[in-house]
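The structure appears right after this line, and notes come after that.
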Amino acid sequence: MIYGGDYNPEQWPENIWLEDMHILKDAHINSATINVFSWAILQPSENEYDFRMLDKIVSLLTQNNYRIVMGTSTAALPAWMSQRYPDVNRTDFYGLVHKFGHRHNFCPNSPSFRKYEIRLVKQLAERYGQLDSLVCWHISNEYSGECYCENCAKAFRVWLKDKYSTIEAVNQAWNTNLWSHKYYSFEEIIPPNFIGDGIPNEKASFPGLSLDYSRFNSDSILNTFKEEKKAIRLYDAKTPVTTNLMGAYKPLDYFKFAKEMDIISWDSYPTNDTPNSSASMMHDLMRGLKNGQPFMMMEQTPSQQNWQPFNALKLPGQMRNMSYNAIAHGADTVQFFQLRKSIGGAEKFHGAVIDHVGTEEPRVFKEVQQLGNELQKIGTTLLDGITPAKVALLFDWENYWALEYAIGPNLEIKYVDQIQRYYDELYTRNIPIDFVSKESALDSYSIVIAPCLYLLDDKLASKIEAFTESGGIFVTTTMSGLVDSNDNIHLGGYPGPLKKVTGVWVEEFDAMPFTRKIPLHFVANTNGKETGTLLCDIIHPKSADVVAEYGSGVFYEGLPAITRNHFGNGTSFYIGTVLNKQGMKTIFDEILNTAGIKSTYTPEAVSVTLRVNTNGTYIFIINHSNENKHFDLDISGNDILTMTTIQGQIDLAPFGVSIIKSDIAHPLLFS
Amino acid sequence: MIYGGDYNPEQWPENIWLEDMHILKDAHINSATINVFSWAILQPSENEYDFRMLDKIVSLLTQNNYRIVMGTSTAALPAWMSQRYPDVNRTDFYGLVHKFGHRHNFCPNSPSFRKYEIRLVKQLAERYGQLDSLVCWHISNEYSGECYCENCAKAFRVWLKDKYSTIEAVNQAWNTNLWSHKYYSFEEIIPPNFIGDGIPNEKASFPGLSLDYSRFNSDSILNTFKEEKKAIRLYDAKTPVTTNLMGAYKPLDYFKFAKEMDIISWDSYPTNDTPNSSASMMHDLMRGLKNGQPFMMMEQTPSQQNWQPFNALKLPGQMRNMSYNAIAHGADTVQFFQLRKSIGGAEKFHGAVIDHVGTEEPRVFKEVQQLGNELQKIGTTLLDGITPAKVALLFDWENYWALEYAIGPNLEIKYVDQIQRYYDELYTRNIPIDFVSKESALDSYSIVIAPCLYLLDDKLASKIEAFTESGGIFVTTTMSGLVDSNDNIHLGGYPGPLKKVTGVWVEEFDAMPFTRKIPLHFVANTNGKETGTLLCDIIHPKSADVVAEYGSGVFYEGLPAITRNHFGNGTSFYIGTVLNKQGMKTIFDEILNTAGIKSTYTPEAVSVTLRVNTNGTYIFIINHSNENKHFDLDISGNDILTMTTIQGQIDLAPFGVSIIKSDIAHPLLFS
Amino acid sequence: MIYGGDYNPEQWPENIWLEDMHILKDAHINSATINVFSWAILQPSENEYDFRMLDKIVSLLTQNNYRIVMGTSTAALPAWMSQRYPDVNRTDFYGLVHKFGHRHNFCPNSPSFRKYEIRLVKQLAERYGQLDSLVCWHISNEYSGECYCENCAKAFRVWLKDKYSTIEAVNQAWNTNLWSHKYYSFEEIIPPNFIGDGIPNEKASFPGLSLDYSRFNSDSILNTFKEEKKAIRLYDAKTPVTTNLMGAYKPLDYFKFAKEMDIISWDSYPTNDTPNSSASMMHDLMRGLKNGQPFMMMEQTPSQQNWQPFNALKLPGQMRNMSYNAIAHGADTVQFFQLRKSIGGAEKFHGAVIDHVGTEEPRVFKEVQQLGNELQKIGTTLLDGITPAKVALLFDWENYWALEYAIGPNLEIKYVDQIQRYYDELYTRNIPIDFVSKESALDSYSIVIAPCLYLLDDKLASKIEAFTESGGIFVTTTMSGLVDSNDNIHLGGYPGPLKKVTGVWVEEFDAMPFTRKIPLHFVANTNGKETGTLLCDIIHPKSADVVAEYGSGVFYEGLPAITRNHFGNGTSFYIGTVLNKQGMKTIFDEILNTAGIKSTYTPEAVSVTLRVNTNGTYIFIINHSNENKHFDLDISGNDILTMTTIQGQIDLAPFGVSIIKSDIAHPLLFS
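Residue numbers (my numbering), protein chains in the order written: chain A, 1 to 671; chain B, 1001 to 1671; chain C, 2001 to 2671.
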């Protein structure tokens, strides 16, 4: 297993490099990610390159048997380039033309940037592509942001011509007859931005335009990745190529990125108050990007972050806990940002394996060392494990953009929040979950859940129908089926192309003050603690039957809030409001019962997941709390960390982890 | 009565147009507002016009006997114009030059805009001005915003030369000897804006300058209206011309607009938490713009809005309730935005008569239909009714601007808030209220109330003195009489030119934390629940006597908070603090008693208003709540909705409305 | 004593000037600050000057025996200059190029500004430098802000070349190998700003760069002061020169300014909720700027301010109270902004000696008059008094900037807040405090306190060591000793160069949610109410011993929170967290006991300070509350205000002040 992290020794004298080699070795670190932000060192001017320092770093690491993840250094521009070729700089949403500073600062459609980017990457690939110690190429870094410059505007017009052919098709797609926006030529189109739209970009004045620009911007950045990868492949045909992603980062369509990446890698930075279910959901989303293929956890902090309002230390054992949790959800590497703390700059208070003190004394170092020791012992045992799941959550970036560009009905409907609510219910039950895209095959799942599937085309609707017809269970919610891929309404009644499979017509959707709760009455259950919030759809069942009704306080009291529809051999559920936890529990008792999927409740803050590879089936039982946990679980096998035998009884120390090689291939708790 | 709304069929295929004709007919809709945002369709380039689609729409509507409110389409620029003639685009307060996007985006002083604007309107007037179905011209749309471009700067200098003749007069007016702002030439003057003043425009670095710019900007926008109207009149001598206003919208001096408009129209969009008194005040303000002349309610939503944080449905009966409330306060039309929901764009989730489902099934459609049925029966019965009022509230846009540009003494003194407090007290008592401008004749009123009359000139002061001297009752408050029309202080003691009529000298005004309450002691009343907030004037009565004193907790305890002054045959009241509801009740018991005006208390959430026309006197009794209301009221007559006879007993269903043709011309409850 | 204020008669007709002379005389006002913002009047164009109005004002004041504080008028640009020489205008942090407006608007590196600035000042100095009535030159006004224009960028590069000689030294200092920021030429460097760094300037993307720019900007503004002073000295060799400072104003290094100023002056504007200890700390900081030399309180408001959200009146007696409090902390003048209220503009609601009413009737005038009467009687008695202090608080602007540019660990660590907490503890005990800079001699102090001494170089560390070694007590805290003067980490363990003197190694610093409290256990005290917040250092005592430990709730429970180290003949204390009031009390009981410094507790809201001059020792006992205070105090002497003898019993009216000439030179309560 790769156990390493970012290493930026350019900042300190070479005598420290040598010390680092020993200290990191003591921590069982076996790899280093280098050259992530060194462009200015590598290229002093247009035609001058200087690889002396990088050669030294590479050769030192190689001599000391470290594996190398090699950055391409293109995520931050050199000062000279920013100054001499201003087209490399971005223009922001407010029309401000940026100058040199910060990082992640290049315009993806800048001719100068693209020229020098590829030249550099070719040189790197030629020089280091055949290194034995090279395990991975790491292109750029945390791709992010948008540019609104003239070059982007031009490229956007080309992109639009490719997509639409005629300007009339653009007018149709964007419904430009509204508000006098009809275009007569592609040249009249400018990117959506503050000085055009006059509103901040959370909402869209012309959603069709904004949606296409989001697609275009994501594609533009992806193009730089593809070009760099192509340049690498000229000299290195085999080393895997990745870039480090950032979970549910909104501006980039990671499913599209995933197709071009050999392996997914991502940076896991839960904030102080991120619940573990949310951190885990991000791992699962990353695992889903390439159909369940394991990923690299490219970055996590050994302890403290620095960019939050307050940056708490990770508690003793917590970093180990979070590392195993990443593995439990599909990670095949554990990597840190960073191996040594920088001596100056914006990140000098960000945690590192080697702290400013420069010794092995700190607690944080010792915890890294302990984990390194364990991982070394585990070796390749867990690698390439996949997580078989019967439940899929549909995640779609285009829908994410469109849903949140929409003005109305309720500002608090946020896509990732809504997804998280469904994830949490399954997480609590320790049911494995796959994230799927609109292009994924659904056949292998028993249940597909698509919350707030606002934007969908007929193709996806047909796929959902086919899935349900052939026996699947489809679950969707309020704010679904509303618009086509241009963000134009599916006329003829909500939820548009989902009317057939859900068997309902949604007449209106009422929006609530953010904290108001509407009581719900489940037909089959009179618990009475279920409530709806934010939106309440007024639903007319056509072929569906009623699962829950609205209670008192609204004029549609007694009308359905949740319906179920038998469709072919399958069933669909339409959930017309945003449920509280009890509401989720009640409806999923029913849904999972229908599907015959078992829930495994564990004590609070304990999770159970599995990975299966050619070595066997491994169950990860993880205590995310700082308290002891003792409980029974229907599992038997060998704990590969303690080398003890487990027979149904689990004892976990605070932040404790148990990885059990199951005695049977298909443990009952996941059946 | 005009019963209609905005109709934008350009967005959908013609087969839908035909369906719309039938559906709208079923709802008793009799008119459509068209062509509000179609410039880009009408004019594909500089010299090319294309009226084919508009001709079709007009002829379809005409054939189907709909009346037409014809927009001029100039509220949103075509893309080609924005691109080829950048002077049409606005420059914002932060100096950012805008590009194409959104709407309400033209610079009112752009030569290109003005040229193409007038050319278009002439063509429209020539083509459609003699249509029988045409009932009204609707110029532009919701005029709003400001521009700070170079053309505006130039026009501003011309405007200033017209007003002041010499630069020395400008220096005097703006007190430029402060802070080294003395100008030696008009060319040195730039519009107030962030890159000059360095502060956001809520407050003014140089209030004299900012105030003149507010006047100039309002005049500039009004000029575009006047020019369009002039262009229409070349071809159509008689059809009334309007533009849709927006209540107490701050940047435009609607009293000045009203002079140029043939009929007032406005868009009523109370938000989720707007109290009915506030919605009603806006109707009354609009009614006041042309001396009580009835207005068009050009827009309201049939149910949901989309641009609020959450957009609740209107409850069953609520749209009907709000429609009648508009009529009760002076509306002669009920119009909706919009007749059919748009299929894409920023407003696709805004309510409409015909929803995306495209049928007559929805509740909202049925409510529109029911109201249409009623209005058809009522016919012209209520039209042209006026509301005789003995109490006037003075509203002045220049004062609004100046008061809120002032830095100090208390940020929470907002003009419309302060007006609303006085309106509410009279509203609770069901006393008819007229809004008047500083140019209105006051003779017909018993009481004139001028809250926070911060800016006034000697002319207005004399008018107030004359009104009071001849027997009127004048009520004013803290923050009054402070500055002249240049925002320079009336030296010699507050409240400046109102000292004589109020008989007081205000030495200081203490400002309170926003939630602090100061107890008040009324001389004639020891209820003890009256309090003052925000500001407490320290008042020295000269000829006035004391009505209420400050209680404990302030160093001026025992000094007057409210005074009364006998002046000629009349009386004035000076209210030196911001009163709570009980304070308002106590002081108005006295004021109204002095005037001999009767209050009519009704159950909470029930209002009573009247309109009088040549058909008779009509009393509107409206239940703004979702509960039944039963109560006695000294009224007899025939309910024109139920055709029943009312004899002192009122029964109102939730959101119920009763319109009673009074048996006597001057009902006692309004005496 | 100078008793006066700003006077701007240019705004009103000359007949008012004459009235003012009499009214101010009646208030015992003896001086006027003039010509602060008159540049546009003085210089109508490039080569034209007009001193007629200023001559008149000067001669009127002189004839009426007022002393004159003469402004140089350079704090606000004339409109013509802003327009004809745009380089005088600033460019802001967001890259917006400013235009004419507001004040404090000049670019300090503008060639045009510098040229006309010096020309004007020479003319003023030549014309008025030998006036008998002239007591002080007042250069510019409230220097503030930053500029980011091209001229500043160029000047910054020159400044950097002076400082660093080579670009390689810059790269080293700013650690530019991080994030690809390596420069190959000075020409590549641009000022830190939003369009470069992409983040607001509270935090720094490249702290080394930002820190140098803060130094450069402060130096740039100081240069304009130095140049103006030089111009004055060509014609006037002796009159003291000052500029009015603003307390702990962040952007300017006032210790550097102080070296160039003949006398410190400052503007004291506590806001509505400023505690008296905070207002007093600012006086003491100003007194510290020139090693304890008395200062001018150049501005305070007689009553109301206008720029706060609400602007409360000063209560009767409160202005007098605050004036004496300024004197008690080192002021030798009492001056107001302003002598007469302006008639228009941004500040027309700001308090003044003569109000808009223009008479002597107002309460506020009478209070000014009463105080004037007293000060006239006191005469020169208190002048030149110094305050002997045994305790010093280190304040350093470079540290202020660097600490707050740092990203992490806790956003709520604000420099002035942290200083204030230590000041408050000593203030409560009525212990005199000196503010010292990093260049001050420390020998005379028993205790030196340096909270959050984040940035320090070895020189300062050595000085602290020497101070402690020779018997002093040094107190420092969390966030100390971290970086060198380039904001690069002192490698080898925290607190860097303070490790030796404190005898500790700080391994980690944990950051807390803003309101979380960690219990502390003092070894010598089990009061149990002490807590820490925001940050908790994990401390390893090397030679130090433990004073307090962390209590339950953190994983480092039982580890030291506060340590004490014997070092040579002295002692140091390291306080590893942010203490609550009880924590401060407990630790300072110990620290002061060690130093043998006595605390004098007085009733709440009563302060005791002293000043000593050749006339004797004066004790100021001040009641900052609106209640009577009676208490015993070990003091005897003569109250110079009441001319009564005090023998240990103090009676103070609300806001009352007693100034006692002590019977003994070194009163016991300060021993």
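Don't be surprised by glycine CBs; every beta carbon is placed ideally from N, CA and C.
Check	Outcome
Rounded to whole angstroms, what is the Cα-Cα separation between residue 1661 of chain B and residue 1639 of chain B?	6 Å
Rank B/1542, B/1084 and B/1496 by C-alpha distance to the C-alpha of residue 2356 of chain C and give the top, closest one.	B/1496
With distance defined between alpha-carbon atoms, name the residue in C/2081, C/2582 and C/2536 nearest to residue 2046 of chain C.	C/2081
Check whether chain A comes within 8 Å of residue 1098 of chain B, counting only Cβ atoms and requiring the distance to be less than that.	yes
Could you name the residues of the same chain whose beta carbon sits closer than 6 Å to that of residue 2196 of chain C, not counting the 5 residues immediately before and after it, in chain order?	2190
Between the Cα of residue 2544 of chain C and the Cα atoms of C/2286, C/2498 and C/2234, which residue gives the shortest distance?	C/2498
Helix, strand or coil for residue 607 of chain A per DSSP?	strand
Residue 1582 of chain B touches chain A at which residues, Cβ-Cβ below 7 Å?	Those do not exist, as residue 1582 of chain B stays about 29 Å from chain A at its closest Cβ, beyond 7 Å.
Find the residues of chain B that neighbour residue 487 of chain A, judging by a C-beta separation of less than 9 Å, and give them in chain order.	1344, 1345 and 1348
Return the bridge partner residues of residue 570 of chain A from the DSSP annotation.	A/567
For chain B, check one thing: does any of its Cβ atoms lie closer than 8 Å to the Cβ of residue 2363 of chain C?	yes
What residue range is occupied by the uninterrupted beta strand (DSSP E) comprising residue 2032 of chain C?	2031–2034
Quick one: list the residues of chain A neighbouring residue 2511 of chain C, beta-carbon separation under 9 Å, in chain order.	272, 304, 308, 309, 310, 311, 312 and 313
Who are the neighbours of residue 1492 of chain B on chain C, taking C-beta pairs under 8 Å?	2356, 2357 and 2358
Do residue 2282 of chain C and residue 2303 of chain C come within 8 Å of each other at the CB atom, strictly closer than that value?	no
Sorted by chain position, which residues of the same chain lie with C-beta nearer than 6 Å to residue 2606 of chain C's C-beta, five sequence neighbours on each side aside?	2623 and 2629
Using 10 angstroms around the beta-carbon of residue 2350 of chain C, count the other beta-carbons present and answer buried if the total reaches 16, otherwise exposed.	buried
Can at least three beta-carbon pairs, one atom from the segment 87–104 of chain A and one from the segment 2197–2215 of chain C, be found at a separation below 8 Å?	yes
For residue 2600 of chain C, which residues in the same chain have their Cβ closer than 7 Å to its Cβ, ignoring the five residues on either side in sequence?	2429, 2430, 2608 and 2669
Can you tell me which of A/580, A/74, A/143 and A/409 puts its alpha carbon nearest to the alpha carbon of residue 509 of chain A?	A/409
For residue 2481 of chain C and residue 2467 of chain C, what's the separation of their Cα atoms in angstroms?	17 Å
Are residue 2334 of chain C and residue 2001 of chain C close, meaning C-beta to C-beta below 8 Å?	yes
Which chain B residues sit within Cβ distance under 8 Å of residue 2041 of chain C?	1177, 1180 and 1182
With a threshold of 16 other CB atoms inside 10 Å of the CB of residue 1043 of chain B, please say whether the residue is buried or exposed.	buried
Tell me the rounded alpha-carbon separation between residue 680 of chain A and residue 377 of chain A.	With chain A represented from 1 up to 671, any question about residue 680 of chain A goes unanswered, as that position is not in the structure.
Starting from residue 2147 of chain C and walking both ways along the alpha helix (DSSP H), at which residues does that stretch end?	First-last for residue 2147 of chain C: undefined, no H or E at that position.
State the Cα-Cα distance for the pair residue 1423 of chain B and residue 2406 of chain C, rounded to the nearest angstrom.	53 Å
Kindly indicate which residue of B/1139, B/1188, B/1074 and B/1034 has the alpha-carbon position closest to the one of residue 2083 of chain C.	B/1188
Let me know the secondary structure DSSP gives residue 1618 of chain B once reduced to three states.	strand
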